[in-house]
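> Sharing a structure with you now.
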Amino acid sequence: MGIIGFLVFGLVVGALARLIKPGKQNLSILMTLVLGVVGSLIGGVVATALGTGDFGELNILGAIVAIIAAVLLIGVAEGVSGGRRSVR
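Numbering (the numbering used here), first residue to last: 263 to 350.
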């Protein structure tokens, strides 16, 4: 998969993760893209470790793990940004 395909898949993964995660997330599209790409990287590594395909190859197990990882990363991003809010 080329770099453009990887970025598009990362954006789709990030968007799906935001739809799955309940509540309102205060994340920009760029942050959604970054979290989706990182989730895709994690999904690729796990799929490769399980022997279901190559790292850059699109497969169903890698996609599922990527979405789960992106949901978890959104939770982490909310926790980190929530700690920076000022108390009034």
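C-beta: ideal position from N, C-alpha, C; glycine also.
How close, in whole Å, do the beta carbons of Phe268 and Ser290 come, if the pair is a contact with beta carbons under 8 Å?
Phe268 to Ser290, Cβ: 20 Å. No contact.
> Where Gly272 and Gly315 are concerned, what is the direct C-alpha to C-alpha distance, given to the nearest angstrom?
Their backbone Cα atoms lie some 18 Å apart in a straight line.
> Exposed or buried, what is Ala311 when buried is set at 16 or more other beta-carbons lying within 10 Å of its beta-carbon?
Ala311 is exposed by the Cβ-count criterion.
> Can you list, in chain order, the stretches of the alpha helix (DSSP H) that have 4 or more residues and sit fully within the stretch 281-323?
For the stretch 281-323, whole alpha helix (DSSP H) runs of length 4 or above, ordered along the chain, are 291-311.
> Among the candidates Leu281, Gln287, Leu297 and Lys283, whose CA atom is the shortest distance from the CA of Leu335?
Closest by alpha carbon: Leu297.
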